[in-house]
Each structure stands twice: as structure tokens, then as C-alpha cells.
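**Q** Once you've had a glance at the structure underneath, I'll fire off some questions.
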Amino acid sequence: MKNHTRNLKMILSALFLSLAYVLPFLTGQIPEIGAMLCPMHIPVLLCGFICGWQWGLTVGFIAPLFRSLTLGMPPLFPGAVSMAFELMAYGAVSGGMHNILPKKRPYIYCSLISAMIIGRLFWGAAMFVCLGVKGGTFTFAAFIAGALTNALPGIILQIALVPLLVMVLDNPKILKLKD
Numbered sequence: 085m086k087n088h089t090r091n092l093k094m095i096l097s098a099l100f101l102s103l104a105y106v107l108p109f110l111t112g113q114i115p116e117i118g119a120m121l122c123p124m125h126i127p128v129l130l131c132g133f134i135c136g137w138q139w140g141l142t143v144g145f146i147a148p149l150f151r152s153l154t155l156g157m158p159p160l161f162p163g164a165v166s167m168a169f170e171l172m173a174y175g176a177v178s179g180g181m182h183n184i185l186p187k188k189r190p191y192i193y194c195s196l197i198s199a200m201i202i203g204r205l206f207w208g209a210a211m212f213v214c215l216g217v218k219g220g221t222f223t224f225a226a227f228i229a230g231a232l233t234n235a236l237p238g239i240i241l242q243i244a245l246v247p248l249l250v251m252v253l254d255n256p257k258i259l260k261l262k263d
């Protein structure tokens, strides 16, 4: 039974990675807010919640780098590198907190919002380091613009959609991930 669970988590993680790769094509069709919807974040958050922190961390770190290296978007440095740390934190925190907290709606929101805050802090720290290495600066105003202002539609979408999907997918009748 343990091998079955591990294999299912691996398959689901590959699905979430594929979704993170493809969703930006779909949201890119909405020029005004497409990138602001943060399409790669949702599959990574779901991966953490459904498959666990290790899988969420891995998919989160790989997704932006893989997309950047194969498609050129997001640009590798500093964009994809910083996003890799942000999404890594999303997957790890959402999965880790969901594992230790009760599987009830308020705790799902707690895990999600914590992951979103910590992920954005990781993104800001990575941008600060990357731009510093490049000889540039990353100001607090740039952090607020990138982490909140420009991402507001994505933040709203994540808060509205992710908990609902987690409650559906976390149902033992849907996915048999429990040993």
C-alpha cells in the first residue's frame, strides 16, 4: 500500500507540474490581467496540500526554472530563480501545515495564507539577493508592487479556488493517498 501511495503522489506531482507549465498559456490570453493571475502558483499550492510538503517543494522549485529553460518565460534571472524560491516555499508550507493541522476549512485557509505570505517573503529575499548580485537594488516599494499590488487578482483567485479544490481532492473517496 505504501508503494501505491508514493506512486500516486509522484503521478499527481507530475500532473501539477504539467499544469504549472501549461496554465500560463491560458491566462496569457487575457492580456490585461493574465500574468497577474499567478497561474503557476495554484498547481504548486495544490501539490503541497494533496501530495505533501516534499512533493510541493520539489514541484514549486522546478516549475518556473523548467518553464524558463524551455520557453524563455519567465526570464531566468532574476525572474524564474526568484519564483523558484517563492513557489518552493508555497509547496512546502502548504503541505507541511496541512499535514499537521486538522483537515477543516479554517485550517486550510490558515495553511494557504501562511504559504502565500512566506512564499512572497522568499520571493522578495531572492529578488533582493539576485538584483544585488547583478549590481541593482530591490526596494520595499518594488516588493510591495510585485508581491501585492500586481498579484492582487492572483491572490483573490488563490483564496477563492484553492481551499475548495483541496476540500474536494482531500476526500479519501476521490484520491486514495492515505496508507
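Okay, so the sequence shown: first residue is 85 according to the working numbering, each after it adds one.
Think of the CB as a built atom: it goes at the ideal place given N, C-alpha and C, for glycine as much as any other residue.
Owing to the predicted nature of the structure, the values given are computational and were not obtained by experimental measurement.
So, are the CB atoms of residue 144 and residue 170 less than 9 angstroms apart?
**A** The residue labelled residue 144 in the question sits at position 60 within the sequence shown. The residue labelled residue 170 in the question sits at position 86 within the sequence shown. Closer than 9 angstroms, so yes.
**Q** So does the region 185–197 actually touch the region 208–222, counting three or more Cβ pairs closer than 8 angstroms?
**A** The region 185–197 vs the region 208–222: no contact.
**Q** Once the 5 residues before and after residue 239 are set aside, which same chain residues still bring their CB inside 8 angstroms of it?
**A** In the sequence shown, residue 239 corresponds to position 155, counting from 1. Hits under 8 angstroms: 122, 200 and 232.
**Q** Rounded to the nearest angstrom, what separates residue 163 and residue 134 at their Cα positions?
**A** By one-based count along the sequence shown, residue 163 stands at place 79. By one-based count along the sequence shown, residue 134 stands at place 50. For residue 163 and residue 134, the distance between alpha carbons rounds to 27 angstroms.
**Q** Is DSSP giving residue 227 helix, strand or coil here?
**A** Your numbering for residue 227 matches position 143 in the sequence shown. Reduced to three states, the DSSP call for residue 227 is helix.
**Q** Inspect the beta-carbon positions of residue 140 and residue 129 and report whether they are closer than 9 angstroms.
**A** The residue given as residue 140 occupies position 56 in the sequence shown. The residue given as residue 129 occupies position 45 in the sequence shown. It is a contact, given that the beta carbons lie within the stated cut-off.
**Q** Measuring only the C-alpha atoms, how far is residue 103 from residue 155?
**A** Mapped onto the sequence shown, residue 103 falls at position 19. Mapped onto the sequence shown, residue 155 falls at position 71. Taking the straight line from one Cα to the other gives about 15 angstroms.
**Q** What does a CB cutoff of less than 7 angstroms around residue 93 pick up in its chain, not counting 5 residues either side in sequence?
**A** On the sequence shown, residue 93 is found 9 positions in, with the first residue counted as 1. These residues qualify, in order along the chain: 135, 136, 139 and 261.
**Q** Is residue 221 helix, strand or coil when you go by DSSP?
**A** Along the sequence shown, read from residue 1 onward, the residue named residue 221 stands at position 137. Coil at residue 221, not helix or strand.
**Q** From what residue to what residue does the alpha helix (DSSP H) around residue 93 run?
**A** Locating residue 93 in the sequence shown gives position 9, where the first residue counts as 1. Here the alpha helix (DSSP H) through residue 93 covers 86–111.
**Q** Run through DSSP, which three-state label would residue 124 get?
**A** Position 40 of the sequence shown, counting from 1, holds the residue named residue 124. Residue state, collapsed to three classes: coil.
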